[in-house]
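Structure, as structure tokens:
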Amino acid sequence: MTAILHYVYDPLCGWCYGAAPLVKAARDVVDVKAHGGGMMTGARRQAVTPQLRGFVMPHDARIAQLSGQPFGDAYANGLLRDTTAVFDSEPPTAAILAAEALAGRGLDLLAALQVAHYVEGRRIADRAVLIDVAGAIGLPPAPFADALDRQTGAAVQAHFEATRSLMAQVGAQGFPSFVLDIGGVMTRVDASRHLGRPQEFQDWLREQTPPTAISAGHRFACDADGCAL
């Protein structure tokens, strides 16, 4: 019997960054499959403005308090004050798909991009940044750039559609959402009660998962159109 933890995320979702330690812990117990939902794409892309900064800062403080995840000064007083920046989920999601297709490292790149955004204050919608961050986790620049090209456009849009279909199927309302799939039986997981306690989440997953399904390797409150507290 196989077990999969489906993880519905967005790279620009603050609560998904808060959940990153839970995802890391889960990967030691079950296979984790990432599904990008495209929270800030198309008409939902967001230019950085003083209003946006004023909106997200209290949420970030709450996420930091509950999860223990750090938010860097380069993010709070650099990126969030850069009115030439645009938050767009599509390029980083395409990059995560590229990392998965190239080397099975989509979740590793997601974690690195979250740090790049929330700690280092980098523009993770920029192609050069995506290639650089991928290189920092060991993905060779030229093959990664080619893989990124293949995942850009129609491919990532199809991925978003598949994710929205999954969310509708399981009744997931936003990001992050977790669904435990054991032998094809899908059960939504309330991971919010484990926020900031990754070992507790890992132990809970072990209890839910049949021994034969244990992996040998490795909400919060963002709705489908944005983040709220």
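Letter by letter, the sequence shown follows residues 2 to 230 of my numbering.
All C-beta atoms in this analysis are idealised placements derived from N, C-alpha and C, irrespective of residue type, glycine included.
So for residue i, helix, strand or coil by DSSP?
| i | result |
| --- | --- |
| L230 | A caution first: L230 carries a pLDDT of 34, below 50, which makes its placement in the model too unreliable to give a value. |
| M187 | strand |
| L6 | strand |
| G175 | strand |
| G218 | Confidence at G218 is low in this model, with a pLDDT of 45, below 50, so its placement is unreliable and no value can be given for it. |
| V120 | coil |
| A86 | coil |
| L196 | coil |
| Q233 | Beyond the ends of the chain as shown, which are 2 and 230, falls residue 233; an answer cannot be given. |
| D61 | helix |
| A129 | helix |
| L53 | helix |
For residue i, I'd like the list of residues in its chain whose CB is within less than 6 angstroms of its CB, leaving aside the five on either flank, ordered along the chain.
| i | result |
| --- | --- |
| F161 | G39 |
| G136 | P142 |
| M187 | V171, V180 |
| P93 | P12, L114, I125 |
Can you round the beta-carbon distance between residue i and residue j to whole angstroms, since I take them to be within the 8 angstroms contact cut?
| i | j | result |
| --- | --- | --- |
| L108 | A159 | Not a contact, Cβ separation roughly 20 angstroms. |
| L13 | M41 | 5 angstroms |
| L67 | G175 | About 17 angstroms separates the two Cβ atoms, so there is no contact after all. |
| F88 | V49 | 7 angstroms |
| A99 | Q152 | 5 angstroms |
| V157 | E101 | Not confirmed; about 12 angstroms, so no contact. |
| K25 | P199 | 7 angstroms |
To which residues of the same chain is residue i closer than 7 angstroms at the C-beta, ignoring the five residues directly before and after it?
| i | result |
| --- | --- |
| D61 | G15, F72 |
| I5 | V31, D32, K34, D182 |
Please work out which residues of its chain come closer than 8 angstroms, Cβ to Cβ, to residue i, disregarding the five sequence neighbours upstream and downstream, and give them in chain order.
| i | result |
| --- | --- |
| A129 | none |
| A155 | none |
| H195 | L23, E201, F202, W205 |
Can you list, in chain order, the stretches of the beta strand (DSSP E) that have 3 or more residues and sit fully within the stretch 12-44?
-> Counting whole runs of 3 or more residues, the stretch 12-44 contains the beta strand (DSSP E) stretches 32-37.
Could you say if the stretch 71-84 and the stretch 118-130 meet the contact criterion of at least three C-beta pairs nearer than 8 angstroms?
-> Judged by Cβ distances under 8 angstroms, the stretch 71-84 makes contact with the stretch 118-130, as three or more pairs qualify.
Is it true that the stretch 64-74 meets the stretch 41-53, where meeting means three or more beta-carbon pairs spaced less than 8 angstroms apart?
-> Taking 8 angstroms as the limit for Cβ pairs, the verdict is that the stretch 41-53 does not touch the stretch 64-74.
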